[in-house]
Structure formats: structure tokens, C-alpha cells
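Start counting the sequence shown at 3; every next residue gets the next number (my numbering).
As C-alpha cells, the structure follows; a few thoughts come after it.
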Amino acid sequence: MITGEDIRKAATRLGSRTTRTPLLASPELDAAVGASVLCKAENLQRTGAFKFRGVLNHLLAIPERELAQGVIAASSGNHAHALAVAAKMLDAPATVVIPQDVPQIKLAAVQRHGAKVVYYDRLRDDRDALVAELAADEGLTVVPSANSARVMAGAGTVGLEILQDAPDISTLVVPIGGGGLAAGCATIAKDMSDSVRVIGVEPAGADDTALSLRLGHRVVIPPSKTIADGLGHTSPSPQPFAVLRGLLDDVVVVDDDAISETMALCLEHLKVLIEPSGACALAAVAANLVPTGRGRIAAVLSGGNVDWPTFRRLVDLAGERRGNELSGMHGAWATVSDRP
């Protein structure tokens, strides 16, 4: 378990190493989604996603001798990228275990920062068992993507900044994968406000936390093929789940169509490029799954690491479904050579 004080200490520890990302607002976006909403732009965080906060906070607690041996993590991309950058900052060798179908933009970022890459098949392989085997064989320290008090506290600084910058919000909407971000944000939100509601969002087919909360215990579901690959977990992480059981007010589920349409809305009204996982919280608001009558809503845009061809394809499909009313963007793309 973590406390609000753990998150405040994490904010102090991280200091200027992380970016205090802005809350974005747009009257046009409010009109489009039918709510007054502030968007926490973690796509502008270092490495392009919130993950850097928790990873760095965790690494800063590891003894130097263990860091020198090296660290390892499993990830669909953003956690791996965060580990590669944070480990490089601290002169620690990093190994990342990532799926074979990881978006190229995430793979390139990991490789650019010198991390060793090991691939696995997300539909057939047990990635956690592979990580444990590699860690034991090579003497590496495992850095969890969510199942760590330090990771949750670091991720919770997202919620801390939101409540500091907009203390009047009525509802905080957060995507759920392993649960670290949601657990951290729920902890600090309930610590700082007696009235704010915290709503988690999962993609359809990867609603392991929603099912687990409904049944009262962690469940395992089949792997999902959702476009929100960063949230495609099969079971909630134990430590975050223990937090969410007591603090989360609700969990809602959004489908791939709603996610891709929200990616288009973010580009149109906020002028930011958001990955599918990063669009889920706002997608829930746009799909009328979040009560809007209580006041202003804050939604976490958790990341923006998406390949341009993938982004273009998803937004084009969203435009086709909506009769191109998504700002007329469908069909308006152009590819320009960078060669003279």
C-alpha cells in the first residue's frame, strides 16, 4: 500500500528530472464530448508517457551495487522506453523483454538508448517467467511496470499535479493497465479531496480489473487484441489491485472505435498526437460513460507513442465511421519526402 505522503516524497525525489505536464483545455473539445474536461498531457512527459515517473522513482531506491549489475523489465513499449532512459541516466545496464509486435516507434526508442532487447510472443509466451529466468541467470534486478510501491508513488505524481493545478475537479478519469497509474492517482486524489471521484478505464477485451473488482479477487483473462496495446493486461497487478479495491469509485470499458475517434478529437481540438492507450480515459468521457453533472472532469492522456502509419490508419477509420465529420481529416494526409 502507499500513502499520499509517499507520493509527495516521490515528487520531491523526482524533481526536475521529470516534466510537469500541462492540463490542456478546449471549448471545442468540451462541446464535442459534452463535458467540461481538462486533459493531463502525459504524452509530453519525458519518453512520451507517464511511465518515466514510476520507473525513475523505483530505480532511485535501488542500491548502486545492484544497479551496476543491471535491471530488467517486461513491457509492451512505454515501460521499456522509460527503463532504457532512466537506467542510462543512472549508468545502469538495462534489458527489456518486449512483444514481437511492439510498435516500431517504441522499439526504436528503446534501442536508441542502448537497452538490450529480448522478444516474446504475447499470445503464447509467459513474459513474467521469461523475465524471472533472465534475472536469475544474469543477476539482474527486476523493475515492475506496476507492482511496486515506488512505481505507484511515482505514477501518482500525475494525480498530485492535477489536484494542485485544478483543485476544483469533481472527477478524475485514469486508464488502467497493470493498475499502477490508477492506484497512485486514486491514493493522492482521496488524500487531497473528500469529494473527488476516481474512475478507471479499460479497453474492451482487456477488462481484467473490472472483472476482478466485480468478483472480489484477481482474475486472469485471455490475451486481448485491442488497439490499446499498452493496456492489454490479462490480470491486474497484486499491489495496485489491493489499492484500487478500496479507493476506485468505478471502472468503465471503452471499445476500439471510441478510442480511435478520441485520438482524432485530440489531434483536432488539442493539437496533440495520442496513442490508443493514452486516449482511453478521454474516450470514456466522450462515450458518456462518466457522469458529467458533478462538475469539471480531469482525464489523463497517458502517452503519445504511436507509429504515424498506425495513427493515420486509425484516424482515417474513425473518420469513415463518422462520415468524415471528424474535422474532415479523413483523406487529407500527405506524405512529403525529406530529400532535396
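The C-beta atom is built at its ideal place from N, Cα and C for all residues, glycine as well.
Asked                                                                                          : Found
Alpha carbon of Pro224 to alpha carbon of Ser18, nearest angstrom                              : 40 Å
Presumed contact (8 Å Cβ cut-off) between Thr189 and Val245, rounded CB distance               : 6 Å
Same chain, Cβ closer than 6 Å to Ala12, five either side skipped, listed in chain order       : Asn59, Ala155, Gly156 and Thr159
Val87 in three-state terms, based on DSSP                                                      : helix
Same chain only: Cβ atoms within 6 Å of Arg129, ignoring 5 sequence neighbours per side        : Ala76, Val99 and Tyr122
Ala63 to Lys42 span [Cα, whole Å]                                                              : 27 Å
Cutoff 8 Å; reference Gln102; Cβ partners in own chain excluding five residues on either side  : Tyr121, Tyr122, Asp123 and Arg124
Glu277 - DSSP class collapsed to helix/strand/coil                                             : coil
Contact set for Ala289: own chain, Cβ-Cβ below 7 Å, skip 5 residues either direction           : Val256 and Ala260
Three-state secondary structure (DSSP) of Asp252                                               : strand
For Gly202, the first and last residue of its enclosing beta strand (DSSP E)                   : Arg199 to Pro205
Per DSSP, the bridge partner or partners of Thr143                                             : Val73
Helix, strand or coil at Thr97 according to DSSP, with G and I counted as helix                : strand
Thr159 (DSSP reduced to helix, strand or coil)                                                 : helix
Beta-carbon proximity of Ile171 to Ala70, cut-off 8 Å                                          : no
Helix, strand or coil at Gly218 [DSSP, three-state]                                            : coil
Three-state class that DSSP yields for Ala283 in the structure shown                           : helix
Three-way DSSP call (helix, strand, coil) for Thr173 in this model                             : strand
Burial state of Thr14 (16 or more Cβ within 10 Å)                                              : exposed
Residue(s) in a DSSP beta bridge with Cys41                                                    : Leu26 and Ala301
Stretch pair the segment 3-11 + the segment 186-206: three plus CB contacts closer than 8 Å    : yes
Opening and closing residue of the beta strand (DSSP E) in which Lys118 lies                   : Lys118 to Tyr122
Endpoints, the alpha helix (DSSP H) within which Gly107 is located                             : For the record, residue 107 in the displayed sequence is Ile; it is not Gly. From DSSP, the alpha helix (DSSP H) with Ile107 extends over Gln106 to Arg114.
Given Val308 as reference, the closest of Val200, Gly297 and Leu109 once Cα atoms are compared : Leu109
Paired residues, beta bridge with Ala51 - DSSP                                                 : Gly305
Rounded straight-line distance, which links the Cα of Phe54 to that of Leu46                   : 11 Å
8 Å Cβ cutoff met for Val104 and Gly79                                                         : yes
Same chain, Cβ closer than 7 Å to Thr228, neighbours up to 5 away in sequence not counted      : Pro205, Ala206, Gly207, Ala208, Gly234 and Asp258
Selected residue, minimal CA-CA separation from Ser226, among Val253, Gly179 and Leu136        : Gly179
Under the three-state DSSP convention, the category Val317 falls into                          : helix
Exposure label - Met3; buried when at least 16 CB within 10 Å                                  : exposed
Ser279 versus Gly306: straight-line alpha-carbon distance, rounded                             : 9 Å
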